[in-house]
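Protein chains in written order, with the working numbering: chain A, -3 to 140; chain B, 60 to 1176.
Ideal Cβ positions, reconstructed from N, Cα and C, are used throughout, including at glycine.
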Amino acid sequence: MTRVLVIDDEAPIRLLCRVNLEAEGMQVSEAADGPSGLEKARAETPDVILLDVMMPGLDGWRVAEQLIDDPSTRGIPIVFLTARAEFRDRAKGLDIGGVDYITKPFNPLELAPLVRDLLDRIDRGERDQLRHEKLADLRALMEE
Amino acid sequence: MTAEQQAIYLNAVPLLVLGAAYLAAGLSLVPALVRSRGALRELELALALVFPCGGIAAIVFGALVLRDGEPVGGSGWPGFVAIVLALVPVVAFFVRFRERTLILTAPGIARAAEELGRLRSAETVEEAAHAVAERARELAHVEVAAVALIDEGTRTAQGLAMIDRGEEVDWFREVRLDLDREPSGIASAYHDAAAFAVYDAHASKRVSQRLVERSGVESVAYVPMLAAQQVVGVIVAGSVGRKHAFDSDDLARLQALAAEAGPVLERLRARPHGPREVAVARLAEQVRTDADLDAVLAGTMEEVATALDADRCFVRLGNPDSELTLKAQWFAAGLEPLDGSNIARLAASNLAMRRNTTVAISDVATSSALRDSPAGGTQGILELGSRAVLATPIVVFGELIGVLAVHRTTPGVWSDADVSFLEALAGELGLGIHTAQLIVENERRLEIQRGFYRIATVLGQPLSLAETLDALAQAAGEAFGGVFSAVVMPRAGALHVAGAHELPDPLRAALEEGLAEESDALRLASAERRILASRAVAGDERFSARWRSLGPACGFESLLVVPLESREDTAGLVLVFFGEERTLRDDDVELARHLAGAGRGALERSALFEAERTSRSLAQQLARTGSVLATELDPAAVLDEVVEQAPALLGTDACAIRVVDAGDLVVTAVAGVDAETALGVRNDAAGPLSGEVAQSRRPVAVADAASDPALFASDALLPAGFTAYLGVPLVGPEGALHGVMSVYGRHPRAWRPEEIEALVALAVNTSAALSNAELYQRVALEKERSAAILENIGDGIVAVDREGDVVLWNRAAEAATGVPASEALGRDAQQILGRSLSGSTLVPIRRGGGETWLSVTEATMRDPAGDVSGRIFAFRDISADRFVEEMKTEFVSTVSHELRGPLTSIYGFAETLLREDVAFGDEERKTFLGYITSESERLTRIVDALLSVARLDTGDLQVNLAATDVQPLVNDVVSTARENGGGGHRFVLDLPTEPLAAEADAEKLRQVLSHLVDNAVKYSPEGGRVTVAARRKNDTVEFHVADEGHGIPAAERERIFRKFYRADADRGGTGLGLFLAQGLVNAMGGRIWVESAEGEGSRFTFELPVARVLAGGSGPS
């Protein structure tokens, strides 16, 4: 059973993610800020972390950095949830070590397939390839 | 030693030796004897024979002693001693063996020298000739020798001396030979200038047969005597009674003699000889050396008369056209002297004078030449007792100057010698007289020179005009020897005393009263530049009675008047007064002319000096004035300064400056006693005087303007007591007429050119100073204006010089950089701002704690020559603009984020609800829908806020002010905040108990408060207390919202109310809250501010007016 950790300061977003991921048969845990998110990630070592970027206190970038710095959580793929439309914000997430990003507003029905597909590819050892594809997409978008 | 031995060794042998030595000496002389056998005399022969003869005698004695074996006289020793003594001469001979022939020649040389000495010491030609003849006879070994002298002048040879066997031959001295016409040996020797000999005199054609006959010579030799390349005489040597062939030795000896004798004869011949010649020579010497010609002549007259055996001798001088004057005379005792009564009748000298030839009359009584002559006839001469007359003209350098004459009381023929003697005397006298005249002339010249010198000395000293005139009087007095003197100069048409020397007061007073004008002669002398001399003024009709009476009174008798050379119509006069009667001499005239010339020179020089001195003082005064003007920068002050200075410059009494104003000349500045009344008076610029200056732009000088009614009326200063007028134009730098400067004198005066020039120069100075001052004022005004502009301009303006040092730093620059001008000036931008302003349009600098962005434009400053003199930077603090720009960008992103948040929820829950694969419970659905609702509301609030901001920006914000109760509204806001999950925060309400109402728009007030409270919660994430308070303060209601959060850094405090500013970008929010809050508070007539300490929290305060409705009861007293 796929375990997903959602770290977001907005309760409606967390609920949205939980409802839709659980509907697909995934196990979802939540954190309302960065510190508690890190704590949960270390304790639960979820399969995927959905990480909001804009949070008061410890923001998403810093949480991601700490996750990657920590050997126990380094392997967990991180998908950024961002309201920021700028490409550089999306690229930043990938640079830090995130494997994908989701731009708000998003269709919650797409969350589960995205997570599933992500995990499949990582299982196939295509983690880095995935990141590179995303970066290439971004680059293509930026060039438009 | 035996007697025999003594005889042999002491006598015989020495005698033989002695004899041998003597014989040897004698033999050694033989060649010399043979050589000079002909010339030897007995004495020389005797000397030569001493040696052989003595030698033979000694040998004979020696042989006798040897034979006898007996010493001479019994003992050998005395003989031996005698023999040794006899050896001395021969030893001496051998010691000087080389000079042995002297024994033969020395006496001859001595004799020759003696004869030569006699020749040289000869006093007369005859004596010398005698000696030469004597010597020639000896040298040639002949019986007869003679000397003849050549006279080049007469082309004759004259016999001087002949000696025949020791006897003087007298007739020879009378011999005269014509060198050109009569053949003679002497003539041949003269013509050929070569010696020759004739063997047979009788047969020869080259010799004078009459002399040969008379002297009886058979063979003759002729040798010319030379002196200074001239043949002066001939030596003749002849044999009598035998023929003699003269060999070359003879001739050579004679030639040697001739060479010695020639110069001696020439020298002696040049000497005068004979009483007449001596007389002539002495006279010549006297007249040439003795300055007192008269005394010499007087002494000479008797001598001449004696020499010519005459009874009367005299000299008359004069030229052929004038009367002859008697210069000197001598007459034998008993005769009458020549005097005025008879002198004109000296016909012979008159005739000699007229004909310019010597007149010799052997008997006046029978002379036809005199009788028929218009020269005076014979009567006069006869009356003097004279019968024979000889007169010769005195000619010097071709000029006939007089006549010398001698008279005899007895008739008699004048010999040629007499005539030539008198002629020679006349020649010498002429020279003497000429010399004497030269000396006299010289002395006269010297006297005049001394006069010149005195004049020059006296006139050379002074420089000023007054001193020069006095000196001129003194020079004249001293040069002419007057007792006192004066110089009168024309002034205003009359002659006035200008200089004086020792002048008595009454005379000076009279002269000053116009005495000079009382004499027509004086006036004429002045007008026609005539020298005037009055020998006795007292009796001179040309002078007035006063003149005539002043002479005795002041102690003068004569007057000499010398006009000074001058370009004026009337010349100045130098008056020299003499204490005695004085006639004008030629010298005086010359001196007077010189005085006139020298006086003119001195006066001109003095005039130059005076002009130069005036110019210099004018120039100094001008320079002083100029330097004062150059420093004056106020045009009005310049004018005042000039009118104060100008009178001093020219010694005038007033000065006025009129300035052109609307076609008129307005008196703008004036100086001078009583002149101030003219200030402000307007004159037509076309009028006279100043008007004329303005029209012509030339100086106008009037000596006496007040006397002309038209002029008097035209100038406001003239009625104030001024009359002399000098006006010059003031012309500006562009050639525009600025005005007229005029100076005034109280008394009439003639303006000198240099004064006019000086005033023109002052006017130029003034114009320049005025222009300067005006320019300065304009520049100052410009500068002030520029400074004001620069100070008040919004942009920072910084100017740097070539070195980059700041020279201008305006107020805006101070504000933009935070650096005061006082700190910035003189330093460069690098030092002041930490970086250069150059080279970039956007320059970030540090200011306070933060960074300020300057937008810089720069320009190069150039001086008038076009060289770079510095740079100007204009800049503006665009930090705010830049900030707003940045925040705008941020805003777009923030707003999109803020909008995306609720949109995500709304969209997400809507999609979720639409899921068909999941069946949600009612509770879940309700929750989802609740989120959709609340997030929609959130979205609405955000959009409202944006709209409010837009309205604030456009001024469209509508505020509905009304009395609003504070307490319920605050309570409502805080409870909403509590509900919205300010979890970790403690809300404290601090509200008054009594009712409090603000004049506010309730909705807007709520918006402000809730935003402040939201912020307080948002920026104190660690929780803590949030205090919300409201209280009345005077006429306002003061609201506080305080938290215990991060606080706001000081640098950010003023920014937080700006649009789009967000303290923390990651915290979300539009950045519009505080901006909106401030806008709303302001719109409600209040104000908002913040106090904060970093790390301790912030306290936002805003105040609103107290509601009027409720204020009635509880308002402040």
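For a test of the three-state rule: what should DSSP assign to residue i, helix, strand or coil?
i               : result
residue 548(B)  : strand
residue 100(A)  : coil
residue 595(B)  : coil
residue 76(B)   : helix
residue 1170(B) : Residue confidence for residue 1170(B) is low, a pLDDT of 42 falling below 50, so the modelled location carries little weight and cannot support an answer.
residue 1141(B) : helix
residue 919(B)  : strand
residue 1162(B) : strand
residue 1104(B) : coil
residue 926(B)  : coil
residue 234(B)  : coil
residue 137(B)  : helix
residue 138(A)  : helix
residue 803(B)  : strand
residue 41(A)   : coil
residue 14(A)   : helix
residue 955(B)  : helix
residue 1157(B) : strand
To the nearest whole angstrom, what separates the beta carbons of residue i and residue j, a pair I think is in contact under 8 Å?
i               : j               : result
residue 590(B)  : residue 648(B)  : 6 Å
residue 210(B)  : residue 217(B)  : 6 Å
residue 935(B)  : residue 855(B)  : 7 Å
residue 790(B)  : residue 826(B)  : 6 Å
residue 771(B)  : residue 804(B)  : Contact doesn't hold; Cβ gap of about 15 Å is too wide.
residue 554(B)  : residue 577(B)  : The Cβ separation is near 10 Å, so there is no contact.
residue 1089(B) : residue 1050(B) : 6 Å
residue 581(B)  : residue 620(B)  : 6 Å
residue 277(B)  : residue 300(B)  : 7 Å
residue 585(B)  : residue 632(B)  : 5 Å
For the ligand ZN, is there any heavy atom lying closer than 7 Å to the beta carbon of residue i?
i              : result
residue 213(B) : Absence of the ligand ZN from the depicted structure is noted, as is the absence of any ligand whatsoever, leaving it without description.
Along chain D, which residues have their Cβ under 7 Å away from the Cβ of residue i?
i              : result
residue 994(B) : Here chain D cannot be found, since the structure's protein chains are A and B.
### Message
Please list, in chain order, the residues of the region 29 to 59 of chain A that have any C-beta partner in chain B closer than 8 Å.
### Response
Per Cβ criterion, the list reads 50, 51, 52, 53 and 55.
### Task
Decide if the region 710 to 719 of chain B is in contact with the region 758 to 766 of chain B; the criterion is three or more beta carbon pairs, one per stretch, under 8 Å apart.
Flag = no, the region 710 to 719 of chain B and the region 758 to 766 of chain B do not touch.
### Task
Mind checking the region 941 to 969 of chain B against chain A and listing, in chain order, the residues whose C-beta falls within less than 7 Å of any C-beta there?
Hits within the stretch, in order: 952, 955, 956, 959, 960, 962, 963, 964, 966, 967 and 968.
### Query
Below 8 Å, can you find three or more Cβ-Cβ pairs linking the region 1035 to 1052 of chain B to the region 1076 to 1085 of chain B?
Counting Cβ pairs under 8 Å, three or more are found: they touch.
### Query
Of the residues that make up the region 1067 to 1090 of chain B, which ones have a beta carbon closer than 7 Å to any beta carbon in chain A?
Taking a C-beta cut-off of 7 Å against chain A, the contacting residues of the region 1067 to 1090 of chain B are 1080, listed in chain order.
### Query
Do the region 234 to 252 of chain B and the region 264 to 272 of chain B meet, that is, are 3 or more Cβ pairs less than 8 Å apart?
Yes: the two stretches touch, three or more of their Cβ pairs being nearer than 8 Å.
### Contained alpha helix (DSSP H) runs [length at least 4] in the region 664 to 746 of chain B, N- to C-terminal order
Counting only runs of 4 or more, we get 694 to 709.
### Query
For the 8 Å Cβ check, are there 3 or more pairs between the region 530 to 545 of chain B and the region 502 to 522 of chain B?
Touching, per the Cβ criterion.
### Task
Below 8 Å between beta carbons is the criterion; list the residues of the region 101 to 124 of chain A that meet it against any residue of chain B, in chain order.
Within the region 101 to 124 of chain A, the residues whose Cβ lies closer than 8 Å to some Cβ of chain B are 101, 102, 103, 104 and 105, listed in chain order.
### Task
Evaluate the contact criterion for the region 1018 to 1035 of chain B versus the region 996 to 1008 of chain B: three or more CB pairs, one atom per stretch, below 8 Å.
Taking 8 Å as the limit for Cβ pairs, the verdict is that the region 996 to 1008 of chain B does not touch the region 1018 to 1035 of chain B.
#### Entry: 4-residue-minimum alpha helix (DSSP H) runs that sit fully inside the region 384 to 453 of chain B, ordered along the chain
With a minimum length of 4 residues, the unbroken runs of alpha helix (DSSP H) contained wholly in the region 384 to 453 of chain B fall at 406 to 414, 427 to 430 and 438 to 442.
### the region 455 to 470 of chain B in contact with the region 433 to 447 of chain B per 3-pair CB rule at 8 Å
With a cut-off of 8 Å, the region 433 to 447 of chain B and the region 455 to 470 of chain B count as touching, because enough Cβ pairs lie within range.
### Task
At 4 residues or longer, and completely inside the region 1028 to 1089 of chain B: list those alpha helix (DSSP H) runs for me, N to C.
Taking only runs of at least 4 residues, the alpha helix (DSSP H) segments lying wholly in the region 1028 to 1089 of chain B are 1061 to 1077.
### Complete runs of the beta strand (DSSP E) confined to the region 586 to 657 of chain B [at least 3 residues]
Those beta strand (DSSP E) runs which fall completely within the region 586 to 657 of chain B and span 3+ residues are 591 to 593, 617 to 622 and 632 to 637.
### Message
Taking contact to mean 3 or more Cβ pairs, one atom from each stretch, closer than 8 Å, check whether the region 77 to 94 of chain B and the region 109 to 122 of chain A are in contact.
### Response
No, because fewer than three Cβ pairs between the region 77 to 94 of chain B and the region 109 to 122 of chain A fall closer than 8 Å, the two stretches do not touch.
### Query
Pairing CB atoms from the region 784 to 800 of chain B with CB atoms from the region 823 to 840 of chain B, are three or more of them under 8 Å?
They touch, by the three-pair rule.
### Message
Is it the case that the region 405 to 423 of chain B contacts the region 490 to 507 of chain B, given that we only count it when at least three CB pairs across the two stretches are under 8 Å?
### Response
Three or more beta-carbon pairs separated by less than 8 Å are not found between the region 490 to 507 of chain B and the region 405 to 423 of chain B, which leaves the two stretches without contact.
### Query
Does the region 959 to 979 of chain B touch the region 100 to 118 of chain A, meaning 3 or more C-beta pairs lie closer than 8 Å?
Yes: the two stretches touch, three or more of their Cβ pairs being nearer than 8 Å.
### Query
Fully enclosed by the region 548 to 579 of chain B, which alpha helix (DSSP H) runs are 4 residues long or longer?
Fully enclosed alpha helix (DSSP H) runs of 4 or longer: 564 to 571.
### Message
Counting only Cβ-Cβ distances shorter than 9 Å, please list the residues of the region 971 to 988 of chain B near chain A, keeping chain order.
### Response
Cβ contacts with chain A: 971, 973, 974, 976, 977, 979, 983, 986 and 987.
#### Entry: Complete runs of the alpha helix (DSSP H) confined to the region 182 to 224 of chain B [at least 4 residues]
Fully enclosed alpha helix (DSSP H) runs of 4 or longer: 184 to 199.
### Query
Which runs of the beta strand (DSSP E), 3 residues or longer, sit entirely within the region 745 to 829 of chain B?
Unbroken beta strand (DSSP E) stretches of 3 residues or longer found wholly inside the region 745 to 829 of chain B: 759 to 761, 783 to 790 and 796 to 804, given in chain order.
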